[in-house]
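Structure first, commentary second.
Numbering (full-length UniProt numbering), first residue to last: 1 to 78.
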């Protein structure tokens, strides 16, 4: 896995939420848009300061983060 050099965490910006480098656009904002059915192109049009690699790194960060978590509140699969 290549480094996530576009994701930054600064307690002074967006309450320490992970953001895209040099912006106040949070990883969670990008993920929510994608989860709502927006395409990468639509996200880029909504946030022209982003690049496609920013979105891919947000997805990679989320995948890494959830792999480190235990979610006891999620229903078990049969």
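Beta carbons are placed, not taken as given, at the ideal position from N, Cα and C, and that holds for glycine.
Does the pairing of the stretch 20–34 with the stretch 42–60 give three or more beta-carbon distances under 8 Å?
-> yes
Can you tell which of 28, 18, 35 has the C-alpha that lies nearest to the C-alpha of residue 10?
-> For the purposes of this step, residue 10 is identified with residue 10 of the chain shown, where counting begins at 1. If we check each option's Cα against that of residue 10, 18 comes out closest.
Would you identify the three-state DSSP class for residue 25, choosing helix, strand or coil?
-> Locating residue 25 in the chain shown gives position 25, where the first residue counts as 1. Residue 25: coil per DSSP, three-state reduction.
Exposed unless 16 or more other CB atoms sit within 10 angstroms - verdict on residue 29 = Numbered from 1 along the chain shown, position 29 holds the residue referred to as residue 29. Burial call: buried.
Would you kindly work out how many angstroms separate the C-alpha atoms of residue 65 and residue 57, rounded to a whole number?
-> Start at 1 with the first residue of the chain shown, and residue 65 comes out as number 65. Start at 1 with the first residue of the chain shown, and residue 57 comes out as number 57. Rounded to the nearest angstrom, the two C-alpha atoms are 12 Å apart.
So what does DSSP say about residue 83, is it helix, strand or coil?
-> Absent from the structure is residue 83, since the part of the chain shown begins at 1 and ends at 78.
Can you give the Cα-Cα distance for residue 38 and residue 7, rounded to whole angstroms?
-> The sequence position of residue 38 within the chain shown is 38, counting from 1. The sequence position of residue 7 within the chain shown is 7, counting from 1. The straight-line gap from Cα to Cα measures roughly 21 Å.
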